[in-house]
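Its first residue numbered 104, the sequence shown is counted upward by one per residue in my numbering.
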Amino acid sequence: MKVKFSFLIALMLAFILVLAACSGDGGADSASSEGEEEEAGAEENDDSAAENDGTEGDSGEDGEQVLVFARGGDSESLDPGSTEDGESSRVTRQVLESLLNFEEDSFELEPGLAHDWEVSDDGLNYTFYLEEGVTFHDGTDFNAEAVKTNFERWADPDHEYGFADDNYVYSMYGTMFGGYQGDDGHVVEEINVVDDHEIEFVLSQPLGFFLQNMAMTYFGITSPAALEEYGSDINENPVGTGPFQFVSWSKDDSIVLEKFEDYRVDGQPKLDQVVFEVIPDNAARLIALRSGEIDIMDGLNPDDAAGVESEEGLKLYARAENNFGYLGFNTQKEPTDNKELRQAINYAVDKQSIADALYAGYANVAKNPLPPSYMGYNENTEAYEYDLDKAEELLAEAGYEDGLEIELWTMPVARPYMPDPETVAEIVQSNLGEIGIDVTIVREEWAPYLEKTMQGEHQMYMLGWSGTNGDPDYFLSSLLHGDNVGSSNREFYANDEVDELLDQAKRSVEQEERASLYQEAQELISEDSPMVTLVHSKPVLATTSDVVNYVPHPSTSESLAEVELDN
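Right under this line is the structure:
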């Protein structure tokens with residue numbers, strides 16, 4: 104990592120302040136009012152010291168290794184259960200740990216904070232045996248009581264650490280465990296602390312993907328002492344047991360983590376510091392990578408992949424196809440509450456042209472809201488092929504033969520499933536113009552975009568979904584179950600028959616039965632057309648050749664514990 108120009112400016116300012124202080128002038132007016140400049144100055148001091156010592160690359164003071172990971176957008180919250188944002192999970196994955204882990208390149212389960220587990224024959228009792236001698240970053244002990252506290256605060260809106268009065272909503276808990284405490288569908292009946300390092304979950308009914316949930320980043324365990332200390336500010340002060348501990352967050356700029364010296368795994372982490380930096384533009388991130396200012400970049404433009412692959416000093420990576428990008432409709436708001444109109448738009452969008460123009464061979468056209476590799480994927484669902492005649496016919500049936508005006512909200516940041524959302528929006532705008540629909544593109548910053556679409560202010564919007572537990576329920580129920588309207592279900596889509604199929608699949612532990620139920624649900628969803636499924640992408644990203652032991656995970660949230668810099 105080369106020293107940034109902005110860092111040099113910050114260092115010069117700091118030097119001026121020191122001189123001012125020595126001369127008796129407090130220099131208050133000279134101090135930066137922005138936290139990011141102060142933090143940048145601190146990092147610059149480390150880098151400068153390293154250069155003065157004759158070390159190179161990302162070595163900081165005393166040869167410390169500092170890795171900069173650049174991404175397109177900032178995190179939404181660092182309290183993992185209170186967000187469904189992938190940029191948040193990417194960071195919290197380093198700071199907090201779950202009871203189980205996924206293998207480094209798949210969704211196969213392996214031990215996490217629990218080194219072993221048992222499941223009763225009826226699928227109702229899960230016992231986890233916890234690692235001993237583990238401490239949180241604040242020095243307090245990790246134990247079964249800490250696990251219970253976290254799960255209870257997610258489940259109970261009235262819990263003292265649920266922070267409902269501060270508008271915290273643990274939507275992914277409700278989605279993955281059938282609701283909240285007191286809800287009919289909530290499956291967690293009891294949580295019993297057997298002893299300090301043994302905990303039992305008793306379910307009211309089977310849940311086919313309970314163990315998969317236990318490895319999700321959303322359910323990383325926070326220090327109860329930190330919950331008491333920070334209260335509702337815990338979303339900006341995460342304290343876990345992970346390989347890195349939180350240092351600072353300069354909004355829309357950078358998040359700084361540092362090595363947790365007492366991490367439970369010997370020899371990890373290799374890095375001394377990780378900086379998650381926001382560089383919204385894909386091309387600008389690539390320039391920063393080539394110049395050595397950053398070490399890893401997500402959101403590489405697919406068109407740049409071939410050049411990166413052949414370029415000395417860089418490495419190209421592609422994640423597994425574990426997502427889909429889509430155009431969603433608000434099915435409870437005019438005019439997109441009209442099914443025929445939604446179907447017409449589905450036929451009018453040229454999905455293959457989008458895949459060909461923007462993904463350079465790293466995407467396939469999607470026909471279901473589920474990746475093809477997943478259990479229960481329906482090969483026989485009829486795709487909405489590009490057909491303007493059919494689109495115009497349906498538009499007339501919907502009562503809009505003379506056309507209409509409609510808004511399309513577009514994402515302001517590149518995401519793994521959509522590296523160039525602005526161009527996708529323009530293609531859709533052009534496509535719909537062919538059948539007389541006048542599209543106005545609406546642009547919002549990332550955080551308000553997520554909030555306002557969750558509240559249903561949109562007619563059409565663009566987003567996508569990446570799998571985080573390897574189970575089809577995470578896609579289908581999260582996005583399209585009626586219970587999740589107004590949270591992860593931004594389509595405001597509710598179909599009782601679909602909900603019943605998804606609920607049956609959720610409660611079954613027989614995988615063949617679950618697959619059949621999901622296939623049936625996809626047929627109904629396709630007919631209702633609550634979204635235009637665009638593409639399944641294979642997201643490409645790049646690193647400098649100095650980065651070793653980096654393995655991109657299909658979930659997009661990989662551990663950096665074993666990564667190091669060879670320079």
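Each residue gets a CB set at the ideal place from its N, CA and C atoms; glycine is no exception.
What beta strand (DSSP E) runs, 3 residues minimum, are completely inside the segment 323 to 380?
-> 347 to 353 and 357 to 362
Give the DSSP-derived three-state secondary structure of Gln-435 in the structure shown.
-> coil
Alpha carbon to alpha carbon, how far is Leu-491 from Thr-659?
-> 36 angstroms
Would you call Arg-546 buried or exposed, if buried means 16 or more other Cβ atoms sit within 10 Å of its Cβ?
-> exposed
Counted within 10 angstroms of its Cβ, other Cβ atoms place Glu-415 as buried (16 or more) or exposed = exposed
If we count the other Cβ atoms within 10 Å of its Cβ and call it buried at 16 or more, is Gln-562 buried or exposed?
-> buried
Provide the residue span of the beta strand (DSSP E) that contains Leu-566, from first to last.
-> 563 to 569
Less than 8 angstroms separating the beta-carbons of Tyr-503 and Leu-444?
-> yes
Pairwise C-alpha distance: Glu-537 and Lys-493 = 12 angstroms
With burial defined as no fewer than 16 other Cβ atoms inside 10 Å of the residue's Cβ, what is the status of Gly-343: buried or exposed?
-> buried
Check whether the Cβ atoms of Asp-398 and Thr-238 sit closer than 8 angstroms, and answer yes or no.
-> no
Asp-356: which of Phe-172, Lys-251 and Glu-554 sits nearest, CA to CA?
-> Phe-172
Rounded to a whole number of angstroms, what is the C-alpha to C-alpha distance between Tyr-450 and Ile-324?
-> 45 angstroms
How about the segment 320 to 337 and the segment 283 to 303: do they share at least three Cβ pairs that are nearer than 8 angstroms?
-> no
Tell me whether Pro-183 sits in a helix, a strand or coil according to DSSP, three-state version.
-> helix
Enclosing beta strand (DSSP E) for Asp-673 [first to last residue] = The structure shown has nothing for residue 673, since the chain only spans 104 to 670.
Out of curiosity, what's the CA-to-CA distance linking Leu-535 and Ala-409?
-> 32 angstroms
Runs of beta strand (DSSP E) lying entirely within the segment 583 to 657, each at least 3 residues, in chain order = 634 to 640 and 643 to 647
For Glu-190, which option in Phe-379, Ser-611, Ala-486 and Asp-669 has the closest C-alpha, if you only look at C-alpha atoms?
-> Phe-379
Which residue spans inside the segment 472 to 558 form an unbroken beta strand (DSSP E) run of at least 3?
-> 507 to 513 and 540 to 546
Got a sec? Which residues, its chain only, sit under 8 angstroms from Glu-137 by beta carbon, not counting five neighbours each side?
-> Any answer about Glu-137 is weak, because its pLDDT of 29 lies below 50 and its placement is not dependable; what the coordinates show is given next. So the list reads Ser-353, once near-sequence residues are dropped.
Please list, in chain order, all residues of the same chain as Leu-604 whose beta carbon is under 6 angstroms from its beta carbon, the five residues on each side excluded.
-> Leu-620, Glu-623 and Ala-624
Note down, in chain order, each residue of its chain lying with its Cβ closer than 7 angstroms to the Cβ of Phe-347, except the 5 sequence neighbours on either side.
-> Gln-197, Val-198, Leu-360, Glu-361, Lys-362, Phe-363, Pro-372 and Val-377
Does the distance from the CB of Gly-311 to the CB of Ser-611 come in under 8 angstroms?
-> yes
Would you tell me roughly how many angstroms separate the C-alpha atoms of Val-452 and Val-531, rounded to the nearest one?
-> 6 angstroms
Buried or exposed for Val-368, please, with buried defined as at least 16 other CB atoms from any protein chain shown within 10 angstroms of its CB.
-> exposed
Could you pull out every residue in the same chain whose Cβ sits closer than 7 angstroms to the Cβ of Glu-667, ignoring the five residues on either side in sequence?
-> Gln-168, Lys-373, Leu-374, Val-651 and Asn-652
Rounded straight-line distance, which links the Cα of Ala-458 to that of Phe-427 | 12 angstroms
Determine contact between the segment 520 to 528 and the segment 634 to 651, defined as no fewer than three beta-carbon pairs at a distance below 8 angstroms.
-> yes
Thinking C-alpha only, which one of Phe-210, Ser-629, Leu-498 and Phe-304 is nearest Thr-252?
-> Phe-304
Buried versus exposed call for Val-654 [16 or more other C-beta atoms within 10 Å across all chains shown] = exposed
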